[in-house]
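Student: This is the structure I have questions about; it appears just below.
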Amino acid sequence: MKVGGVVYASPRAAALPTLLLGHGRNRPRFSASSSLHDHASFIKGVAASRPPEHLGQLLKILKIRGDTIMSPGAKQGLLPLAIPLARNSSGAVTALLRWPTAPPGMEMPVVEVKKHGVWLLAKNVDQLIHRILVEGDAQNSSEDIDELFDASADVGEKLYKKGDFAKSRISNLDVYLLKNVGLFPDVLERKVMRHFEEGDQVSALVTGEFYTKKEHFPGFARPFVFNAEVLLKVGRTTEAKDAARGALKSPWWTLGCKYEEVANIAQWEDEQIEYFKEKVTEEGRQEDIKMGKAPAQVALDEAAFLLDLASVEGTWDESVKRIAGCYREAGLNDISRFVLYRD
1 MKVGGVVYAS
11 PRAAALPTLL
21 LGHGRNRPRF
31 SASSSLHDHA
41 SFIKGVAASR
51 PPEHLGQLLK
61 ILKIRGDTIM
71 SPGAKQGLLP
81 LAIPLARNSS
91 GAVTALLRWP
101 TAPPGMEMPV
111 VEVKKHGVWL
121 LAKNVDQLIH
131 RILVEGDAQN
141 SSEDIDELFD
151 ASADVGEKLY
161 KKGDFAKSRI
171 SNLDVYLLKN
181 VGLFPDVLER
191 KVMRHFEEGD
201 QVSALVTGEF
211 YTKKEHFPGF
221 ARPFVFNAEV
231 LLKVGRTTEA
241 KDAARGALKS
251 PWWTLGCKYE
261 EVANIAQWED
271 EQIEYFKEKV
281 TEEGRQEDIK
291 MGKAPAQVAL
301 DEAAFLLDLA
311 SVEGTWDESV
321 KRIAGCYREA
331 GLNDISRFVL
341 YRD
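Okay, so the sequence shown: first residue is 1 according to UniProt numbering, each after it adds one.
This is the structure in structure tokens:
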């Protein structure tokens, strides 16, 4: 089930984490010319969460790579759960993802924000720093890697020592990343495609299935979408359809592609969209309440439906007020203010 965007096993009903229940506070303001301090203050004061310990180092590294640091409140046109960090030369925005009702201890993932949602870059800030250092070292540019290590400060030395990639004698960078850094969606997908290129269909299917293990990327639909594509590629149409339908039980803004691409594999027309539209009407809400669902849970479900519907066309700003209202009704006042916040 989706509770404000996070996937759980049971139907849409769950207790609200009390640590997220908001209280009134003065609204902080942030300038368009953001500083490293701005992001930490924003995450604490607006996103009502704990800033990642090494966020400052990541921001410095992104700046060295040529990205432009953004104000954390520059959320116009973006998924309202994103906290912008930086924009690269191609216009792609790197951001933190603030799950509305995250399980205890779950760190904020680092994502690339796209029109229809997000693409997971790393499960947390440290993992992305680690990957960037490894990739920088593998490119054999001593000047660039020295600059990156200077920016990463002590955390860089703890995560990775210069030259370790060469010393490992692992010739393939993706293999090194998976073995020594962590799991990344793009790396796993390339691994599957390499298996196909080598004619090893069995290994491709096994890796595609491994990608979908729920402990690897909780809350994200992309692994199930890709597995559906893999199954379709080998002619297993029925299994591909089931995998695609499973993907659409997760937030649509985590599909990593357009909704229509997954709906086609699932062999759905517009019925799921129409169903969601019905669920966000007053009639749909009252029907859920009559069935015994708690009003707070109904509001959370409505927020999830609205986010899914907005992802189809990427029309986030048109829905943001209503989504914020749902979180407020559910008692998540801090999340409501965060969703509404714009510079």
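By construction, the Cβ of each residue, glycine as well, lies at the ideal position given by its N, Cα and C atoms.
Sort out for me which residues DSSP pairs residue 112 with in a bridge.
Tutor: Its beta-bridge partners are 94 and 119.
Student: How is the alpha helix (DSSP H) around residue 81 delimited, first residue to last?
Tutor: Run containing residue 81: none; DSSP gives neither H nor E here.
Student: With distance defined between alpha-carbon atoms, name the residue in 98, 102, 103 and 104 nearest to residue 111.
Tutor: Here the closest residue by C-alpha is 98.
Student: Tell me whether residue 298 is buried or exposed, calling it buried when 16 or more other Cβ atoms sit within 10 Å of its Cβ.
Tutor: Label assigned to residue 298: buried.
Student: For the alpha helix (DSSP H) holding residue 316, just list the boundary residues, first then last.
Tutor: Where residue 316 is concerned, the enclosing alpha helix (DSSP H) stretches over 316-329.
Student: With DSSP run on the structure shown, which of helix, strand or coil describes residue 254?
Tutor: Residue 254 falls in the helix class under three-state DSSP.
Student: Just grab the DSSP bridge partners of residue 68 for me.
Tutor: According to DSSP, residue 68 bridges with 87.
Student: Considering residue 101, what are the terminal residues of the alpha helix (DSSP H) in which it resides?
Tutor: Element bounds for residue 101: n/a, residue is neither H nor E.
Student: Hey, how far is the Cα of residue 168 from the Cα of residue 133?
Tutor: Taking the straight line from one Cα to the other gives about 15 Å.
Student: Beta carbon of residue 222, beta carbon of residue 81: below 9 Å?
Tutor: No, these two residues do not count as a Cβ contact at 9 Å.
Student: On the criterion of 16 or more Cβ atoms from any shown chain inside 10 Å, does residue 105 qualify as buried, or is it exposed?
Tutor: It is exposed - the Cβ of residue 105 has fewer than 16 other Cβ atoms within 10 Å.
Student: Taking residue 180 as the reference, which of 193, 285, 273 and 166 has the closest Cα?
Tutor: Of the candidates 193, 285, 273 and 166, the one whose C-alpha sits nearest the C-alpha of residue 180 is 166.
Student: Between the Cα of residue 305 and those of 164, 186 and 327, spot the shortest distance and give me the residue it belongs to.
Tutor: Closest option to residue 305, Cα to Cα, is 327.
Student: Would you mind giving the Cβ-Cβ distance between residue 255 and residue 272, rounded to the nearest angstrom? I have them listed as a contact below 8 Å.
Tutor: In fact, because the Cβ distance is near 13 Å, the residues do not count as touching under 8 Å.
Student: Going by beta-carbon coordinates alone, are residue 344 and residue 76 separated by less than 9 Å?
Tutor: This structure leaves residue 344 out entirely; the chain is present only between 1 and 343.
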